[in-house]
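In my numbering, the protein residues as written are 13 to 324.
The beta carbon of each residue, even a glycine, is placed where N, CA and C say it ideally should be.
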Ligand code: FAD
Ligand code: NAP
């Protein structure tokens, strides 16, 4: 029986693992369906994590040290996708496809979020052939070429800036005039000479042929249309909450959520179900920052230690 099962190996899950094992828990497993690191490993840069300020380092470089540190104290990694979690009496069952359920006394869920698709005609057809949601991964394919970015939040603007250092020109397409991104980021974008803003505009269709994307059909809010000839489109329009592991067969959740499917917790990361803790991007009111996800994970682990201590 595990003392604690941690689901998801992003900043929240890794921090939870560090604090749980370093805090004396002996049998703690991090269930992560891929390589641990989380969403930030898809980012070209991180400049707002205190103590880490190096524009030459990517999100992948940034997380490298976390992995070494978090696994140093005895945290085990099981590379599996958790399908669901249920509670029977005082015990949690961690369900993984084609395997026996794994028993745990407590669970911290940190499954984060996933980039949204824009549901534009041609998006699925050309995904991976000109349409991408990762500038670090795919930006180099557009070296000295033009590319477009869709979105008006921090991710879209930061990644447009990153791409502007690789591409000859970047078109930033946003559906309205105001941005969600931090004002300092907006200023930085506006000063970059090879970024052109295309505002109040939506993409109607992504066009291409056997070799991939070659044009975007744009439509502005007044109804005017035009074609933009680019070989690549990066879509950064927000995220869906990865809450499926907490969903029951009838569609309801095993703990309280809000209307957006985000998980309700108190400030100690307790959910409405005793022994179940949630940390990071997936919880209600999360600022969706690495530093906050890490803090959530640490708090959740400390709370698990108290929870288990009270029951021993
Ligand atoms: P995530 O990082 O989403 O990690 C969740 C993990 O759970 C993933 O590894 C996933 O594979 C795993 N998982 C999901 N479902 C399952 C399952 N069923 N079973 C097993 N494993 C599962 N924040 C900043 O502070 N500064 C920045 O500069 C910054 N830049 C960003 C740039 C980009 C492009 C993006 C996308 C985000 C950026 N963020 C930034 C936000 C930051 O990455 C997130 O706030 C943070 O990663 C959230 O951490 P998390 O641990 O909650 O979740
Ligand atoms: P976000 O803040 O939700 O922004 C999504 C953007 O996409 C919005 O501008 C939205 O337009 C637009 N959009 C949504 N659906 C669309 C559609 N179907 N078609 C066209 N445009 C669409 O998402 P994010 O930028 O990924 O950021 C997520 C969170 O991570 C945020 O809290 C952000 O602050 C954080 N983050 C922080 C940093 C940092 O601190 N450096 C970096 C990256 C991310 P509207 O504005 O019109 O709604």
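Write down the C-beta distance between residue i and residue j rounded to the nearest angstrom, noting that I regard them as a contact closer than 8 angstroms.
i	j	result
residue 71	residue 55	4 angstroms
residue 207	residue 172	6 angstroms
residue 22	residue 305	6 angstroms
residue 303	residue 154	Their Cβ separation, rounded to whole angstroms, is 31 angstroms, which puts residue 303 and residue 154 out of contact at 8 angstroms.
residue 117	residue 13	6 angstroms
residue 265	residue 258	5 angstroms
residue 162	residue 215	6 angstroms
residue 20	residue 123	4 angstroms
residue 106	residue 94	6 angstroms
residue 254	residue 275	That belief does not hold up - the Cβ atoms of residue 254 and residue 275 are roughly 10 angstroms apart, past 8 angstroms.
residue 144	residue 136	Residue 144 to residue 136, Cβ: 13 angstroms. No contact.
Give me the residue from the options with the minimum Cα distance to residue i.
i	options	result
residue 201	15, 165 and 222	165
residue 297	314, 279, 284 and 310	279
residue 33	44, 16 and 108	16
residue 345	309, 73, 108 and 59	Only positions 13 to 324 of the chain appear in this structure, which leaves residue 345 out of reach.
residue 57	131, 73, 152 and 255	73
residue 92	224, 18, 269 and 324	18
residue 241	40, 258 and 229	229
residue 49	61, 147, 62 and 77	77
residue 295	266, 62, 158 and 270	270
residue 282	203, 75 and 309	309
residue 222	243, 66 and 198	243
residue 41	233, 24, 81 and 119	119
residue 319	285, 300 and 307	285
residue 328	299, 321, 144 and 145	This structure cannot settle anything about residue 328, because the visible part of the chain is limited to 13 through 324.
residue 148	114, 68, 193 and 136	68
residue 225	89, 196 and 158	158
residue 43	81, 75, 114 and 53	114
residue 205	181, 314 and 196	181
residue 59	167, 35 and 160	167
Within the continuous alpha helix (DSSP H) that includes residue i, where are the two ends?
i	result
residue 309	302 to 323
residue 90	Counting along the chain, residue 90 falls outside any alpha helix (DSSP H), though it belongs to the beta strand (DSSP E) covering 88 to 90.
residue 195	195 to 203
residue 167	166 to 176
residue 73	71 to 84
State the start and end residues of the unbroken beta strand (DSSP E) segment that holds residue i.
i	result
residue 146	Residue 146 -> no beta strand (DSSP E), and no H or E assigned at all.
residue 239	237 to 240
residue 25	It is not in any beta strand (DSSP E) - residue 25 instead sits in the alpha helix (DSSP H) that spans 23 to 34.
residue 159	158 to 162
For residue i, which beta-bridge partners are listed by DSSP?
i	result
residue 133	217
residue 113	According to DSSP, which records beta bridges pairwise, residue 113 is partnered with nothing at all.
residue 295	275
residue 61	64
residue 282	289
residue 252	126
residue 259	265
residue 208	183
residue 98	105
residue 18	42 and 120
residue 227	219
residue 232	213
residue 246	144 and 161
residue 138	Answer is none; residue 138 lacks a bridge partner.
Using only the heavy atoms of ligand 3, determine whether one of them is closer than 7 angstroms to the beta carbon of residue i.
i	result
residue 251	Here the bound small molecules are ligand 1 and ligand 2; ligand 3 is not part of this structure.
Between the segment 167 to 177 and the segment 84 to 94, do at least 3 Cβ pairs fall closer than 8 angstroms? Because the criterion of three Cβ pairs below 8 angstroms is not met, the segment 167 to 177 and the segment 84 to 94 do not touch.
Do three or more CB pairs link the segment 21 to 35 to the segment 281 to 292 at distances below 8 angstroms? yes
How do the segment 92 to 106 and the segment 137 to 156 stand: do at least 3 beta-carbon pairs fall below 8 angstroms, yes or no? no
Using 8 angstroms as the Cβ pair cut-off and three pairs as the minimum, do the segment 207 to 216 and the segment 184 to 196 touch? yes
State whether the segment 232 to 251 contacts the segment 124 to 133, with contact taken as three or more CB pairs (one from each stretch) at a distance under 8 angstroms. yes
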